[in-house]
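The sequence shown begins at 1 in the numbering used here and counts up one residue at a time.
Every residue, glycine too, gets a C-beta built ideally from N, C-alpha and C.
The model shown is predicted, which means the values in this text are computed figures rather than measured ones.
Take a look at the structure below.
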Amino acid sequence: MTCTQCSAEIAQGLLVCPSCHTLVHRDELKTIAAEAEAASAAGALAESLNAWRRALQLLPPHSAQHAAIRQKTDQLVRQIDSAPHSAKAAPKPKWASAAGTLGVIGLLLWKFKFILVFALTKAKLLLLGLTKASTFFSMLLSLGLYWSIWGWKFALGIVLSIYVHEMGHIWMLRRYGIPATAPMFIPGLGAFIRMKQYPASPHEDARVGLAGPVWGLGAAVASWLIFLGTGAPIFAAIARFGAWVNLFNLLPIFQLDGGHAFRALTKKERALIAALMFVMWITTHEGLLLILAAVAAFRAFQKDAPTQRDTKILLHFAFLIITLSLLSKLPVPLEPKPEKQPLIAKLASP
């Protein structure tokens with residue numbers, strides 16, 4: 001490459017001309033800026049955020065232009081977070097007053113209609129991943145493995161719970177205008193998605209990370225409600241195990257969801273989360289919480305913690321710890337064993 005201003009040679013990967021200090025992608029940046037401003041004027045905040053995020057990749061990290069665009073992205077994130085969700089209150093369905101078992105289930109679902117409305121409004125997104133061959137066939141492989149261990153009912157529930165968890169990440173990524181792949185299952189280890197861009201701020205990163213456990217919490221609650229309506233113990237088992245898996249994902253290390261969320265928390269906020277985990281361990285006696293509390297306490301003393309508080313992420317994290325901890329200790333009744341028929345009776349029966 002050669003600089004358009006001074007004709008100096010520019011090595012591949014450089015963002016600034018070493019001779020005249022002109023931005024290498026100046027013209028492309030102008031185009032992206034116009035695209036972002038037009039999208040913002042049209043109310044397409046996610047598209048505008050996506051464009052500005054592309055611009056950040058073409059600017060030196062310590063430049064004034066990079067800092068200015070970071071301010072724009074942070075402002076757009078706050079606008080998106082404060083924007084109301086599209087889900088509207090659903091009227092009471094007619095079948096909710098029907099008699100019998102279906103009526104009980106209907107009334108129960110209507111009572112918790114916010115979960116039902118959320119599921120219905122996101123149904124299109126939930127089904128989208130199943131149309132991808134990589135997701136569908138990797139899901140079948142995981143289903144086969146879990147089936148061989150626990151049986152098909154529990155295996156199907158767990159696979160669907162993991163799928164819902166991953167789609168929660170994708171939903172939040174789309175909300176921030178970040179393209180991502182459909183979930184890919186790894187038998188025995190869970191699933192993952194690949195982002196084609198990275199969140200521009202720790203707040204974005206934390207919101208994306210916690211979106212998975214939030215949707216996973218919704219799946220666990222839905223399973224528990226079905227158990228209350230039907231009395232089938234398998235749904236209680238799915239709810240409890242799903243809550244435990246999502247609680248494990250709050251471990252603040254590596255690429256787990258808790259690790260992403262901790263990047264937005266100050267040292268004091270991290271210490272508060274560690275204390276809450278310890279309190280919930282005392283309350284529920286769930287051993288996993290003691291591990292979470294120890295790791296969180298260690299992370300509280302690390303130097304990578306930001307100095308600016310993020311109360312929204314703190315409350316978000318605390319809510320998930322409390323609810324998932326309680327759900328992970330739900331009682332699961334045993335399946336009633338069928339009565340054995342005497343051999344004489346079997347021979348005598350037609």
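Distance check between alanine 222 and each of Gly231, Pro252, Phe235, Asp310 places Phe235 closest, using alpha-carbon atoms only. Taking threonine 2 as the centre and dropping the five residues before and after it, the same chain places the C-beta of Ala8, Glu9, Ile10 closer than 8 Å to its C-beta, in chain order.
Take the alpha-carbon of glutamate 37 and the one of serine 201: they are about 20 Å apart.
Straight across, the Cα-Cα distance linking serine 138 with cysteine 17 is about 46 Å.
Taking the Cβ atoms as the reference, proline 333 lies roughly 34 Å from proline 252, outside the contact range of under 8 Å. The C-beta separation of arginine 175 from alanine 46 comes to about 6 Å, placing the pair in contact by the 8 Å criterion. The Cβ-Cβ distance between alanine 220 and alanine 243 falls below 8 Å. Alanine 64 has its alpha-carbon roughly 36 Å from the corresponding atom of alanine 318. DSSP lists Thr2 as the beta-bridge partner residues of glutamate 9.
Leaving aside the five residues that flank isoleucine 186 on each side, the residues in its chain whose CB is nearer than 8 Å to its CB run, in chain order, Ser138, Ser142, Phe192.
The C-beta distance from tryptophan 224 to leucine 330 rounds to 7 Å, short enough to fall under 8 Å. Bounds of any alpha helix (DSSP H) do not take in phenylalanine 254, whose DSSP letter is neither H nor E.
For glycine 157, the uninterrupted alpha helix (DSSP H) run begins and ends at 152-175, by DSSP.
In the structure shown, leucine 228 adopts helical secondary structure according to DSSP, grouped into three states. With contacts defined by Cβ atoms closer than 8 Å, methionine 280 and isoleucine 313 do not form a contacting pair. Contact between valine 208 and histidine 169 holds: CB atoms are separated by about 6 Å, below the 8 Å threshold.
As DSSP reads the structure, methionine 195 sits in a beta bridge with Ala180. Scanning its chain for C-beta atoms nearer than 6 Å, with the 5 sequence neighbours on each side dropped, one finds around glutamine 197 the residues Arg53, Ile178, in chain order.
Beyond the five residues adjoining it in sequence on each side, arginine 270 comes within less than 7 Å, by CB distance, of Phe262, Ala296, Arg299, Ala300, Ala305 in the same chain, given in chain order. Taken atom to atom, the span from the alpha-carbon of leucine 156 to that of proline 60 is near 47 Å. Burial of aspartate 257 is indicated by the presence of at least 16 other C-beta atoms within 10 angstroms of its C-beta. Note on geometry: alpha-carbon atoms of aspartate 27 and glutamine 57 lie some 14 Å from one another. Looking at the DSSP output, phenylalanine 185 shares a beta bridge with Ala191.
DSSP places arginine 53 in the uninterrupted alpha helix (DSSP H) bounded by 45-56. When only Cα atoms are considered, glutamine 75 and leucine 289 end up about 35 Å apart.
Going by beta carbons, alanine 55 and isoleucine 32 fall inside the 8 Å limit.
Under the DSSP assignment, glutamate 35 falls in the alpha helix (DSSP H) whose first and last residues are 26-41. Per DSSP, the continuous alpha helix (DSSP H) segment holding histidine 316 begins and ends at 311-327.
Secondary structure of valine 221 (DSSP, three-state): helix. Assignment of leucine 15 by DSSP, reduced to helix, strand and coil, places it in the coil class. Shown here for methionine 172: same chain residues with a beta carbon closer than 7 Å to its own, the five before and five after excluded, namely Arg207, Val208, Ala211 in chain order. Taking every protein chain shown into account, the CB of aspartate 205 has 16 or more other CB atoms within 10 angstroms, so this residue is buried. Exclusion of the five residues before and after leucine 247 leaves Leu288, Leu324, Ser325, Ser328 as the residues of its chain whose Cβ lies within less than 7 Å of its Cβ. For the pair glutamine 255 and isoleucine 158, the Cα-to-Cα distance works out to about 21 Å.
In the three-state DSSP reduction, leucine 145 falls in the helix class (H, G or I).
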